[in-house]
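S.K.: Residues in the sequence shown are numbered from 0 upward in steps of one, following numbering that gives the first Met the number 0. Using N, Cα and C, we set each Cβ at its ideal position, and we do this for glycine too. Here it is: the structure, laid out below.
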Amino acid sequence: MEDKFKNVLNDDEKITKVTTTNNVYSFKRTLPFIILTVIITILFGGLAIGLSYEGFPWIVSIILIVLFIIITIVFHSMFKKGQKNYYVCLTNKRIIIRYGIFTNNFNYYSIENVSGNITTVCKQSIFDKENENNCAIYCNIELLPVGHGQLMIFTSNLVDGYNFSKLLEKVVKENSKSKNLKEIKE
0 MEDKFKNVLN
10 DDEKITKVTT
20 TNNVYSFKRT
30 LPFIILTVII
40 TILFGGLAIG
50 LSYEGFPWIV
60 SIILIVLFII
70 ITIVFHSMFK
80 KGQKNYYVCL
90 TNKRIIIRYG
100 IFTNNFNYYS
110 IENVSGNITT
120 VCKQSIFDKE
130 NENNCAIYCN
140 IELLPVGHGQ
150 LMIFTSNLVD
160 GYNFSKLLEK
170 VVKENSKSKN
180 LKEIKE
């Protein structure tokens with residue numbers, strides 16, 4: 000997985016950990032389409048059955064149901080492709096999130112100039128109960144100078160997210176210590 004980030008790393012950066020999203024990623028994004036398809040199926044299927052004797056064109060119901068099923072399948076396959084391209088990389092200086100369905104997009108978060116104050120929340124959804132280590136990470140990191148801003152980072156559900164958050168806290172603390180030592184020496 001490290002090779003996914005080789006073109007965007009700086010010369011002095013070292014990868015600490017790379018992780019990806021779990022299988023719930025695409026399902027959670029497809030769920031609204033599945034619910035809408037079930038509602039349309041029940042509604043128009045019921046209309047076709049209940050009003051078939053009164054001249055309601057049952058073919059319209061079938062076309063709408065098939066159309067919504069096809070739309071759901073298409074969106075699910077797109078989200079599956081996006082799931083395969085979602086990676087989060089932790090280096091000694093940045094967090095890099097790679098994502099995209101048709102392209103490779105990167106979000107960069109510098110964790111080099113930080114105070115060391117970090118708040119991390121790992122959240123599991125109802126779909127993540129299979130694996131205790133999978134979680135989404137919500138993180139606030141205080142930037143230097145203290146009181147002048149925070150870096151907010153949100154990830155999708157990550158494989159081994161709890162360990163990733165522990166490493167993130169460790170790197171932030173190390174960066175804070177090294178920054179404070181440089182200031183003391185000057």
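Determine the extent of the alpha helix (DSSP H) in which S124 is found, giving its start and end residues.
M.R.: Sequence index remark: in the sequence shown, residue 124 carries index 125 (1-based). Taken as a continuous stretch (DSSP letters only), S124 belongs to no alpha helix (DSSP H), as it is neither H nor E.
S.K.: Could you tell me the boundaries of the alpha helix (DSSP H) in which F78 lies?
M.R.: Locating residue 78 in the sequence shown gives position 79, where the first residue counts as 1. From DSSP, the alpha helix (DSSP H) with F78 extends over 57 to 83.
S.K.: Would you call the CB atoms of K136 and I110 closer than 9 Å?
M.R.: Along the sequence shown, read from residue 1 onward, the residue named residue 136 stands at position 137. Along the sequence shown, read from residue 1 onward, the residue named residue 110 stands at position 111. The sequence shown places Ile at residue 136, not Lys. No, the pair does not count as a contact, with Cβ atoms beyond the cut-off.
S.K.: Just reading off the alpha helix (DSSP H) that K27 is part of, what are its end residues?
M.R.: For this step, residue 27 is matched to residue 28 along the sequence shown. Start and end: 23 to 49.
S.K.: Which value, in whole angstroms, describes the spacing of the CA atoms of S25 and N91?
M.R.: Stepping through the sequence shown from its first residue, residue 25 is reached at position 26. Stepping through the sequence shown from its first residue, residue 91 is reached at position 92. So the alpha carbons of these two residues sit roughly 30 Å apart.
S.K.: Contact between the region 65 to 78 and the region 27 to 42: three or more CB pairs below 8 Å?
M.R.: Yes, the region 65 to 78 touches the region 27 to 42.
S.K.: Should T20 be labelled buried (16 or more other beta-carbon atoms within 10 Å of its own) or exposed?
M.R.: As a first step, residue 20 must be located in the sequence shown, where it is residue number 21. T20 is buried by the Cβ-count criterion.
S.K.: Are F153 and C134 closer than 9 Å when you measure CB to CB?
M.R.: The sequence position of residue 153 within the sequence shown is 154, counting from 1. The sequence position of residue 134 within the sequence shown is 135, counting from 1. Result no, Cβ atoms of F153 and C134 do not sit closer than 9 Å.
S.K.: Name the two residues that bound the continuous beta strand (DSSP E) containing N139.
M.R.: Counted from its first residue, the sequence shown places residue 139 at position 140. Note, N139: beta strand (DSSP E), 135 to 142.
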